[in-house]
Amino acid sequence: MATLFGRVFSGSDEMYRLAQEALDDVSKRFADSEPVAFPDTAYYLACIYAMSGKKITNLGELKEIMEWIKSQMTRNNKTHDIFTSGVATACAAEVIEACKYIGNPDPYGHDPLWGHCTDAEVRELGVPLVTGDIPGFVVFIGSAPTDEQALALVKSYQSKSVFVFMVGGIIDQVKRLGMKTGFNVRVVPLGYDLWSVSHVVSVAIRAALIFGAVQPGDYDGIRRYTFDRVNAVINAFAPVDDMTVACGAGAISLGFPVVTNETENMWRVPKSLIIQEDVDKFVETSLEARGIKIKITNIDIPVAFANAFEGEIIRRGDMQFEADGSRVDCLELVRTREASEVEDHKIEVIGPDFDEFEVGSKISMATIVDVAGKKMQSDFEPVFERKFHAYLNCIEGVMHTGQRDMIRIRVSKDTYEAGFRAKHFGEVLYAKIKSEFDVVVDKCQVTIVTDPAKVSELRKEANEIYDKRDERLLSLTDENVNEFYTCIMCQSFSPSHVCIVTPERLGLCGAVSWLDAKATHELDPSGPCQVVEKTGVIDEEIGKWDSVNDAVRKYSQGALEVVSLYSIMEDPMTSCGCFECICGIEPFSNGVVIVNREHAGLTPLGMSFSEMASMTGGGVQTPGFMGHGKHFIASKKFMKAEGGVQRIVWMPKALKDQVAEKLNATAQELYGIENFTDMIADETVTDDAEALVEFLTEKGHPALSLDPLM
Ligand code: SF4
Ligand code: ZN
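Those letters in the sequence shown? Residues 724 to 1433, per this note's numbering, in order.
Listed below in structure tokens is the structure:
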């Protein structure tokens, strides 16, 4: 009879042999100098890079790494433990996968198979992971006993917001039953072959490199990071072959338990290898094995509600109707009321319900949430209101974009047919606001208005309120508040990272403004957002205060000493990894380029977003590079120490368009520059450093004549 060790060894030998074959095969078609890379990553072949420290860039190097992989296989090398053979198996699998990408940037086609996940995709997971909106990951391997069981398992994880990766037959099983998959709905079919599992190992490992600043080659550091911080679990269906057993050993080595219904030639290893013969109990067993805690929101609606649906897209042809604020009157509003004016859990619909509209209609809709509470402050209204977007998007078959009176909401035909009606929006908003803001909201009622005349009247009232809020926001400057806030939410992944959130500098993830931080503090006084009294000014130009330094020292557990809030060169703020944008100095133009996560192309630095992003992160200060939120770009405090927004020389066009109005206003007010964004280059102008300087010279861009940055 085989032993567990025997199966791991023979599985890793087999994967190694296949890797060798794949290499032999590509070598017939390509020279050793042929580039080898996965798309949009700064971490080379991440498993191999992280484990060995070696940067593979071409076929010759890929061939050479086989020697190192062999050295990690432990049959004849008793200095490593058995699980290291598992990691070597994942590295061999990565070699096979890398071969597929030689001469073909997208061998999987993304429809539905995904293969490699980009750095931007990994970074996108940062915020939901720290907030617990993604409580963990599950990786399925093989086929469930029946299609129905496969679908039930995947849906069960999805409804708990656990991110699902699939390898093998289960992909077709859920497809046959019509399930939508993709990164946006957090159910990702990696590939049919077992070796495609290396793409999810790569995701876990890049989390350590990106968010944890673990150094490539620090094998134990990587294992410690994934063990402590990445909540992943493997579900392997019988029959489990030796190669799967070997991959399972690799997973266990990274701290990910394996749950399987295989009983033949299988062994129980407490907490790591768990036999669960009843597939229907996989979810329960897995969550328990990895200690994954699920936030429960029981909401009385006829469709699922989960974070996994946040990115779901509803196409015109699939929609039952839409509320479109660009065509008809629509709005969302939170109002603070006296306790006597609010009836808790009252949900009222004024106007026709959804079954009275023709398919494809554009309807008027106002969603009004009235709240009352002793600790409620009007400053929290916009904080709650902005959350509508996330809440409504979590409904299966509902897509929400925009805010205030510029919203668009689509409801899918399937969701409508499941019985979803206007009052269900109310149920969702009521449940979420009451559960997330219970400290300040004692009573909450929701009114949904679909009568066009009434919505149009309400829009006038709402606009007055929005205007007042905008005035309040404008009056909120770093100068005229007495306190800033820390945010250390990201420490679960970047242990020493601290954001200092000020009115004019929001958190780098873009999700935490000063008002958000203030509300978070009020809701959870001992939580991630702590007050930093603005005292002991050292230098207001570059944004240095004694109290800020004390706070970063305390909350980074001594890892950081000094931070300048307004400088990119001198003690800049650290980055965790989930930043919306990265800004880096461009030496030839004496300015900076900014690139957002969504932009896939190169910048004039010769680097993509991923490559620039890899220059900073993990809570380390890196002068010359800075992660930040989109809204920071138009701030008067953006690089104030180095001359402010005048330093911006290049941005992707889409980002530029997004920030143009506010950025132009700032440049006009501070420096008297008209239409500043016309002077900023983008990818339609050039992504070449020399051509950039020519363009800037022609436009008379101010950066060229500012003091040298370096
Ligand atoms: Fe993370 Fe900073 Fe955003 Fe807080 S504000 S969630 S620490 S990036
Ligand atoms: Zn972060």
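All C-beta atoms, glycine included, are put in the ideal place defined by N, C-alpha and C. The structure presented is a predicted model; accordingly, all values stated were derived computationally and were not measured.
Within the segment 1088 to 1139, the complete alpha helix (DSSP H) segments of 4 residues or longer fall at 1104 to 1116, listed in chain order. Using a cutoff of 6 Å, the CB of C1301 counts as near ligand 2, since one of the ligand's heavy atoms is closer than that.
Within the model, the alpha-carbon separation for R909 versus V845 is close to 12 Å. Each of C1210, M1212, C1213, C1222, G1230, L1231, C1232, V1235 has a C-beta closer than 5 Å to some heavy atom of ligand 1; these make up the full list, in chain order. When the alpha-carbon of V749 is set against those of E820, Y772, Y766, the nearest one is in E820. Looking from the CA of K898, the closest CA among I1308, D916, F1080, D870 belongs to D870. In this structure, ligand 2 has no non-hydrogen atom nearer than 6 Å to the beta-carbon of G1329.
Counted as a single uninterrupted DSSP element, the beta strand (DSSP E) harbouring C1167 occupies residues 1166 to 1172. Collapsing the DSSP output to three states places I1024 in coil. Distance from the CA atom of T1345 to the CA atom of A742, rounded to whole angstroms, is 38 Å. The nearest non-hydrogen atom of ligand 2 is 6 Å or more from the C-beta of G1250. Cβ atoms of K1018 and G855 come within 8 Å of each other, at about 6 Å. Contact annotation, G838 with L913: C-beta distance approximately 6 Å; criterion of less than 8 Å satisfied.
Judged by beta-carbon spacing, I1211 lies beyond the 7 Å limit of A1364, meaning their Cβ atoms are not closer than that value. Between N954 and G809, the CB-CB gap reaches or exceeds 7 Å.
Following the DSSP letters along the chain, one finds A930 inside the alpha helix (DSSP H) bounded by residues 921 to 933. Here S1290 carries a coil assignment [DSSP, helix/strand/coil]. Taking one beta carbon from each stretch, the segment 777 to 792 and the segment 879 to 887 have fewer than 3 pairs nearer than 8 Å; the two do not touch. In this structure, the alpha-carbon of R730 lies about 39 Å from that of G1340. Of the residues assessed, Q1391 falls on the exposed side of the cut-off, its CB having fewer than 16 other CB atoms within 10 angstroms.
Residue I1118 holds the alpha-carbon nearest to the alpha-carbon of N1021 among I1118, A1012, E1417. The C-alpha of D895 lies about 21 Å from the C-alpha of V982. Under the DSSP assignment, D1076 falls outside any alpha helix (DSSP H); it carries neither an H nor an E label. Using a 10 angstroms sphere on the CB of Y1394, the tally of other CB atoms stays under 16, which defines it as exposed. Under the three-state reduction of DSSP output, S1298 falls in the strand class. C-alpha of M789 to C-alpha of G832: approximately 28 Å in a straight line. Rounded to the nearest angstrom, the gap between the Cα atoms of T1225 and E1045 is 37 Å.
If the five residues before and after I1403 are omitted, its C-beta is found closer than 7 Å to the C-beta atoms of I1371, V1372, W1373, M1374, K1379, all from its own chain and listed in chain order. At least 7 Å separates the beta-carbon of G1034 from that of M1129.
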